[in-house]
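Here is the structure we will look at.
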Amino acid sequence: MDNESQLTTKKEKRDGAVVLTLEGVINERTNLDEVLKDVPEGKLIINLRGITRINSCGVRDWVNAIRPLAGKCDIEYVECSRAIVDQLIMITNFLQPGRIVSFYAPYYCEECKKAHEVLVNIAEHFDADEDFEDAEAPDFECPKCGKVMEFAEDEATYFFFLAED
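If you read the sequence shown in our numbering, its first letter stands for residue 1363, the second for the next number, and so on.
Structure follows, in structure tokens:
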């Protein structure tokens, strides 16, 4: 990561797909064209777990940089961070083209009085025929005490981006 872009990337081939892992900040200093250059045709998995912040210039640049991959790649977004989910909630089609496979969601354990970020896998935690406009947060047990945790956001707002897929 250089001080200018504040984003690190790792590109690797795994099981016939290119996996691109991004960590850090996406902003006006991030050269997304450079990040996405040389992406071959086929399956592209973009891991967004490490994105800590994305500003409005970063959003604009992201949308413009990812759009040309539409006809060339089958894109899956995995482990979308809370910073990415916040953008998904506000910006229609932010991660288009592509489909979201998993994302982090906020939970709270009333017993332990502790917040947790839990990875939600869409195929595993939601019914394939579900109407996401009425999606309910899946239950997760606290990793510390084992009690079922509470979802820490408004479900209708937080899961709205799933209805766009």
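From the three backbone atoms N, C-alpha and C, an ideal C-beta is built for every residue, glycine too.
Quick caveat: nothing in here was measured; it's all calculated off a predicted structure.
What residues in its chain sit with their C-beta under 8 Å from that of I1451, if we drop five residues either side in the sequence?
To locate residue 1451, count along the sequence shown from 1; it is residue 89. The beta carbon of I1451 lies closer than 8 Å to those of T1519, Y1520, F1522 and F1523 in the same chain, with the five residues before and after it left out.
I need the straight-line Cα distance from I1407 to E1438, nearest angstrom please.
In the sequence shown, counting from the first residue as 1, residue 1407 sits at position 45. In the sequence shown, counting from the first residue as 1, residue 1438 sits at position 76. Taking the straight line joining both Cα atoms gives about 5 Å.
Any heavy atom of the ligand MN inside 7 Å of the beta-carbon of E1403?
As presented, the structure is devoid of all ligands, the ligand MN included, so that no description of it is given.
Rounded to whole angstroms, what's the CA-CA distance from L1410 to E1473? Just pull it up for me.
Here residue 1410 corresponds to residue number 48 of the sequence shown, with the count starting at 1. Here residue 1473 corresponds to residue number 111 of the sequence shown, with the count starting at 1. Cα to Cα, L1410 sits roughly 30 Å from E1473.
Which residue comes first and which comes last in the alpha helix (DSSP H) that contains G1420?
If you number the sequence shown from 1, residue 1420 lands on position 58. From DSSP, the alpha helix (DSSP H) with G1420 extends over S1418 to I1428.
Considering E1396, what are the terminal residues of the alpha helix (DSSP H) in which it resides?
As a position in the sequence shown, residue 1396 is number 34, starting the count at 1. Segment L1394 to L1398, the alpha helix (DSSP H) holding E1396.
Pair within 8 Å by beta-carbon distance, R1441 and Y1469
Position 79 of the sequence shown, counted from the start, is the residue given in the question as residue 1441. Position 107 of the sequence shown, counted from the start, is the residue given in the question as residue 1469. Contrary to the premise, residue 1441 reads as Glu rather than Arg in this sequence. No; because the gap between Cβ atoms is not below 8 Å, this pair is not in contact.
Residue nearest to I1428 in terms of C-alpha spacing, selected from D1516, R1391, D1489 and P1459:
Indexing the sequence shown from 1 puts residue 1428 at position 66. In terms of Cα proximity to I1428, the closest of D1516, R1391, D1489 and P1459 is P1459.
I need the DSSP call for M1363, collapsed to helix, strand or coil.
Walking along the sequence shown from the start, residue 1363 turns up at place 1. At M1363 the pLDDT is 43, less than 50, meaning the model places this residue with poor confidence; the figure from the coordinates comes in the next sentence. Coil.
Compare the Cα-Cα distances from A1499 to each of K1434, E1385 and A1514 and report the closest residue.
Mapped onto the sequence shown, residue 1499 falls at position 137. That would be A1514, whose Cα lies nearest to the Cα of A1499.
Report the rounded CA-to-CA distance for E1517 versus E1385, giving the unit in angstroms.
Locating residue 1517 in the sequence shown gives position 155, where the first residue counts as 1. Locating residue 1385 in the sequence shown gives position 23, where the first residue counts as 1. For E1517 and E1385, the gap between their C-alpha atoms comes out near 27 Å.
Backbone CA spacing between V1447 and D1501 [nearest angstrom]
Taking the first residue of the sequence shown as 1, we reach residue 1447 at position 85. Taking the first residue of the sequence shown as 1, we reach residue 1501 at position 139. When only Cα atoms are considered, V1447 and D1501 end up about 19 Å apart.
Please list, in chain order, all residues of the same chain as A1497 whose beta carbon is under 7 Å from its beta carbon, the five residues on each side excluded.
Here the question's residue 1497 lines up with position 135 in the sequence shown. When the five nearest sequence neighbours on each side are left out, the beta carbons in the same chain lying within less than 7 Å of the beta carbon of A1497 are those of F1488, E1517, F1521 and L1524, in order along the chain.
Cβ neighbours of E1510 in the same chain (closer than 8 Å, five flanking residues each side left out)
What you label residue 1510 is simply residue 148 of the sequence shown in a count that begins at 1. Before going on, a small fix: residue 1510 reads as Val here, not Glu. These residues qualify, in order along the chain: D1501, F1502, E1503 and C1504.
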